[in-house]
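In order, the protein sequence lines correspond to chains D and W. Residues 205 to 666 (the working numbering) make up the first sequence, in order. Residues -3 to 318 (the working numbering) make up the second sequence, in order. Virtual Cβ for every residue (Gly too), placed ideally from N, Cα, C. Written out below as structure tokens is the structure these notes cover.
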Amino acid sequence: MATIRAYYDDTIRTFGNVLFAVSLLGVWGVLTLIGVIVDQGKSPSVYLASYPAPIARAIVRLGFDNIYHSPAYIAIIGLILISLTVCTFKRVIPARLPPLRPVKIDKIPLNGSIAVRGSESDVRERVETFFRKRGWAIRKREFGGVEWSFADKHNWARRGVLIAHLGFVIIAAGTTLYWARGFSGEAPVVTGQTIEIPQTGTLIHLNDFKYRITPILTKAGMVYQPTDYVSHVTVTPKDGTPRNMTVRVNHPIDVGGTLYYQASYGFAMTFRVAHNGVTIPALSQTVLQEGESLDLPGGSSSLIYDRFVPTVDKRTGEPAADPRVNDPAVIVTVAQSGISEGSAMVPLGKTVDIGQGWTITPQRYTLYSGFQYRYDPGIPLVGIGSVVLLVGLIVSFYFLPARLYVRVDPAPAGCTVGIAATTVKGYDIYAGAFAELLRDLQTAMEPPGPQPHPRTAEAYQA
Amino acid sequence: MNGKMSADELLMIVAIASYIFGALALLVYFFSREEWLKNLGAPLAIVGCVAQFAQLFVRWDLTGVWPLLNLYGSLSLFAAMSVAIFIGFAWRYKLWFAGGFVLALAAIFLAYGVTWNEGTMPPVPSLQSYWAKVHVPIVVSSYAAFLVAFVFSCIYLVKYYAERKIALSPRTGVAVSSSVAAMAPPAAMMQRVAAIDETPALAAAAEAGNPLAIWLQSLPSLAQLDVVVYRAVAIGLPLISLGIITGAAWAKEAWGAYWQWDPKETAALCTWIVYLAYMHLHTRNAWRGLRTNWLSFLGFFLVIFTYLGVNIWISGLHSYKV
Ligand code: HEM
């Protein structure tokens, strides 16, 4: 039992240590940076081609190719959340919300004392009035027969850290909610066709897709800038009535809480496929999207439709930069048992022999629109968390909670007012303001003339 | 049209020239403390900054396209905001002596930005959003605040190591040995001594006529420099947080998910983590000062990587090519 207790205490001590927390943040930063530098989600061959073999192997084995979803990454965020929680309760709350207690004034680096003529109660009254007028909240306590005045500025802002930490936790809860209950996917739809979203049963029919490309002559040559993508769709939610809607980039549509986005577009193709001069109707009616393939019957050959070339450069015979359809062709690959036997660029309408009696003719292209859909029940939480986090940061950084410890002691010619100041961000940040405050207090309490604490006066004439 | 175009170019020339001459004046002021150089450099900084904002505005008016959607416009705002934030600090805390470095960096970034001027282009569909008008200025301003923090961290580090050199120098006699003791670990003690009393060795050396020590004494104390860096980071961190949040809101609208692990947003997260670490270390007495200033110094290289490196070396949703 005692061992468990000791173990528990050790763990809490570790997780409550700010340097341990900062180390966790450091590891989080390094893992994040690795993901920026190493291309994510590629196949092992891509890494082998880009890096020396040992590094490529390390990338794949250590999961750096999909680092943000790796157990290590998720674990570090988990540890940060634990550390944040422990630190908040064990360290932040006690440090930021300390009880009122007496202090040894001259042991606090920001301190000063001034001599004031008058009775103790009168001086105390005047000092308190001085601070109240300047927006300090005064509280009085008696400790061991000595009366102390505590003056606080921005005391409420001591909770800024707690708010910031809470914001981070709320964001984490929001993202977890998406993992637990949300979904997303991609849905390419060919013009004139309908697809069904598996998770919701919603039907999406693409009536048409249009894009606008603007050619611009720049200093670096002609640039073809896409300036609009727009899909006109008919959406039928499960058990609902069909509705005509328009999807544009930056203007998603909302169907029963699931959002649909304009993500990409492409050219779907049909090929006339013939064997020994005889057209095969089933294959010839198949609509292929870029990257899809047709298996040719009676063997292990397949035809892969790699991509559409909207314009072929007449001079070079190579694909041109112009993405508008002027003089189109397709790039196809013939594969045997999945292994490429060769690729070719074939203009639309031209018949080519691909061996073993097979010929293909790229016939017609039809535009398809790529939609991305997403249901994310965590978004409201992430939004609220973001606002809370920002409020916490602003409160923490722009409102400096300071506390003055004021003690009035009788002296031969009146009283001595001893003042010490603490803030939640150390002493240096308040040094200039404290020196000014003391000067003003001295002026307000005159006569008699001020007698600044020598150390304070030297050190804080900032 | 031609008249307006030349106004655009003229303003850019005024800005670059003001920064270059202002930088020269304030750099000399940094070392010589001749008041007239400050009185020359400070107005030049203001003129350059105003000319830059005017240039961005004229460009927007002229082309009808939000001018911050390419590196040219964005770097231009970066330079302008760096100078603007610096002017705010210099005004408030009397820090004109550091202006030469800020203006020199602004001039370099601005000149580099001009090399990315490709003329006017209509924005690609994903950039046609009101979020572009919100997100880009916020993020760029956060980078600018980190630039100001970087400059003061550099000055902090130079002062710290120069003071140390003086403290360790055998010529400064008795004061040295006490100072060496103060410089020795534990670091917490060293920081307090440096922060509150400055090094006694520095004062002694200055009194003995050491020119380096006299010059170092004309700079604010290490504690004051550290507070300036903290204040600059305290502007940059909420801004980059807001920048990431507005970027996420925009991504949600344009790409379907508020977070896609795109290299740019991920690099920005990394920068956020570094400055968050800075803030946490700054709450510890032992780490406040030397180490936090090293972090702010190194952090700025990550800012530049996030800002320029990712665009140039790594393609992604933010490379604006699609
Ligand atoms: C690894 C997890 C974290 C731990 C253990 C932790 C712990 C702490 C501690 C101990 C303090 C200092 C309190 C004091 O001395 O009074 C602090 C301050 C602070 N924390 Fe965190 N924190 C963590 C993560 C975060 C995150 C993710 C945020 C961002 C929202 C954040 C925002 C802040 C702010 C704004 C301050 C105040 C800094 C200042 O006043 O200068 N913390 N944190």
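Straight-line gap, residue i to residue j (C-alpha atoms, nearest Å)
i: residue 314 (chain W); j: residue 307 (chain W); result: Confidence is the limiting factor: at residue 314 (chain W) the pLDDT is only 47, short of 50, which leaves the residue's position unreliable, though a coordinate-based value still follows. Between residue 314 (chain W) and residue 307 (chain W), the C-alpha separation is close to 7 Å.
i: residue 457 (chain D); j: residue 593 (chain D); result: 29 Å
i: residue 428 (chain D); j: residue 419 (chain D); result: 4 Å
i: residue 248 (chain W); j: residue 254 (chain W); result: 4 Å
i: residue 423 (chain D); j: residue 52 (chain W); result: 20 Å
i: residue 509 (chain D); j: residue 403 (chain D); result: 29 Å
i: residue 534 (chain D); j: residue 485 (chain D); result: 21 Å
i: residue 464 (chain D); j: residue 380 (chain D); result: 21 Å
i: residue 568 (chain D); j: residue 520 (chain D); result: 24 Å
i: residue 114 (chain W); j: residue 515 (chain D); result: 25 Å
i: residue 210 (chain W); j: residue 301 (chain D); result: 43 Å
i: residue 223 (chain W); j: residue 599 (chain D); result: 17 Å
i: residue 278 (chain W); j: residue 20 (chain W); result: 33 Å
i: residue 37 (chain W); j: residue 87 (chain W); result: 13 Å
i: residue 271 (chain W); j: residue 632 (chain D); result: 20 Å
i: residue 66 (chain W); j: residue 140 (chain W); result: 17 Å
i: residue 664 (chain D); j: residue 212 (chain W); result: In this predicted model, residue 664 (chain D) has a pLDDT of only 36, less than 50, meaning its place in the structure is not dependable enough to derive any value.
i: residue 287 (chain W); j: residue 295 (chain D); result: 22 Å
i: residue 204 (chain W); j: residue 291 (chain W); result: 34 Å
i: residue 615 (chain D); j: residue 308 (chain D); result: 18 Å
i: residue 216 (chain D); j: residue 306 (chain D); result: 29 Å
i: residue 23 (chain W); j: residue 100 (chain W); result: 9 Å
i: residue 612 (chain D); j: residue 339 (chain D); result: 20 Å
i: residue 165 (chain D); j: residue 445 (chain D); result: An answer regarding residue 165 (chain D) cannot be provided, because it is not within the stretch 205 to 666 covered by chain D.
i: residue 234 (chain W); j: residue 497 (chain D); result: 50 Å
i: residue 384 (chain D); j: residue 377 (chain D); result: 10 Å
Residue span of the beta strand (DSSP E) that contains residue i, given as start and end
i: residue 246 (chain W); result: Where residue 246 (chain W) is concerned, there is no enclosing beta strand (DSSP E), although the alpha helix (DSSP H) it sits in stretches over 218 to 250.
i: residue 414 (chain D); result: 407 to 422
i: residue 549 (chain D); result: 543 to 551
i: residue 455 (chain D); result: Run containing residue 455 (chain D): none; DSSP gives neither H nor E here.
i: residue 499 (chain D); result: 497 to 499
i: residue 430 (chain D); result: 425 to 440
i: residue 315 (chain D); result: 315 to 320
Best match in the options for proximity to residue i [C-alpha to C-alpha]
i: residue 298 (chain W); options: D:219, D:236, D:207; result: D:236
i: residue 579 (chain D); options: D:459, D:447, D:205, D:440; result: D:459
i: residue 621 (chain D); options: D:275, D:321, D:283; result: D:321
i: residue 241 (chain D); options: D:270, D:528, D:609; result: D:270
i: residue 530 (chain D); options: D:542, D:538, D:536, D:517; result: D:517
i: residue 119 (chain W); options: W:157, W:59, W:7; result: W:59
i: residue 326 (chain W); options: W:37, W:40, W:34, W:44; result: A question about residue 326 (chain W) goes unanswered here, because the residues of chain W that appear run from -3 up to 318.
i: residue 26 (chain W); options: W:155, W:131, W:112; result: W:155
i: residue 640 (chain D); options: D:477, D:629, D:625; result: D:625
i: residue 475 (chain D); options: D:217, D:554, D:279; result: D:554
i: residue 526 (chain D); options: D:548, D:618, D:412, D:416; result: D:416
i: residue 453 (chain D); options: D:576, D:563, D:306; result: D:576
i: residue 29 (chain W); options: W:47, W:75, W:283, W:96; result: W:96
i: residue 202 (chain W); options: W:163, W:151, W:3, W:55; result: W:163
i: residue 369 (chain D); options: D:288, D:472, D:560; result: D:288
i: residue 570 (chain D); options: D:493, D:610, D:549; result: D:493
Extent of the continuous alpha helix (DSSP H) to which residue i belongs
i: residue 465 (chain D); result: No alpha helix (DSSP H) holds residue 465 (chain D); the beta strand (DSSP E) holding it covers 462 to 479.
i: residue 369 (chain W); result: Outside the displayed span of chain W (-3 to 318) sits residue 369 (chain W), for which this structure offers no information.
i: residue 280 (chain W); result: Premise fails: residue 280 (chain W) is in no alpha helix (DSSP H) and is neither H nor E.
i: residue 516 (chain D); result: Unbroken run through residue 516 (chain D): none, as it is neither H nor E.
i: residue 279 (chain D); result: 275 to 291
i: residue 242 (chain D); result: Premise fails: residue 242 (chain D) is in no alpha helix (DSSP H) and is neither H nor E.
Within-8 Å CB hit, residue i to chain B
i: residue 641 (chain D); result: Annotation note: the requested chain B is absent from the structure, which comprises protein chains D and W.
key: Minimum length 4: unbroken alpha helix (DSSP H) runs contained in the region 7 to 50 of chain W   = Correct list: empty.
message = Please list, in chain order, the residues of the region 252 to 266 of chain W that have any C-beta partner in chain D closer than 9 Å.
response = Those residues of the region 252 to 266 of chain W that come within reach of chain D (Cβ to Cβ, closer than 9 Å) are 252, 253, 254, 255, 257, 259, 260, 262, 263, 265, 266.
request  = Could I get the ranges of all uninterrupted alpha helix (DSSP H) runs contained in the region 82 to 138 of chain W, with 4 residues as the minimum, in chain order?
outcome  = The region 82 to 138 of chain W contains these whole alpha helix (DSSP H) runs: 95 to 110.
request  = May I ask you to list, following chain order, the residues of the region 109 to 136 of chain W that have a beta carbon less than 7 Å from some beta carbon of chain D?
outcome  = 114, 115, 117, 118, 120, 121, 122, 124, 125
request  = For the region 390 to 423 of chain D, enumerate the residues whose C-beta is nearer than 7 Å to any C-beta of chain W, in chain order.
outcome  = 418, 420, 422, 423
query = Which residues, in chain order, does the region 364 to 377 of chain D contribute to contact with chain W at a C-beta distance below 8 Å?
reply = none
key: Residues in the region 221 to 242 of chain W having any Cβ partner in chain D nearer than 9 Å   = 222, 223, 226, 227, 229, 230, 231, 233, 234, 237, 238, 240, 241
request  = Quick one: which residues of the region 565 to 586 of chain D get their C-beta closer than 8 Å to a C-beta of chain W? List them in chain order.
outcome  = 576, 577, 578, 580, 583, 586
query = For the region 556 to 637 of chain D, which segments carrying the alpha helix (DSSP H) assignment without a break, of at least 4 residues, lie completely within its bounds, in sequence order?
reply = 583 to 602
task = May I ask you to list, following chain order, the residues of the region 453 to 469 of chain D that have a beta carbon less than 7 Å from some beta carbon of chain W?
result = 453, 454, 456, 463, 465, 467
request  = Quick one: which residues of the region 592 to 615 of chain D get their C-beta closer than 9 Å to a C-beta of chain W? List them in chain order.
outcome  = 593, 594, 597, 598, 600, 601, 602
message = In chain order, what are the residue ranges of uninterrupted alpha helix (DSSP H) at least 4 long that sit wholly in the region 347 to 414 of chain D?
response = 364 to 385
key: Interface residues of the region 432 to 445 of chain D facing chain W [CB-CB below 8 Å]   = 432, 433
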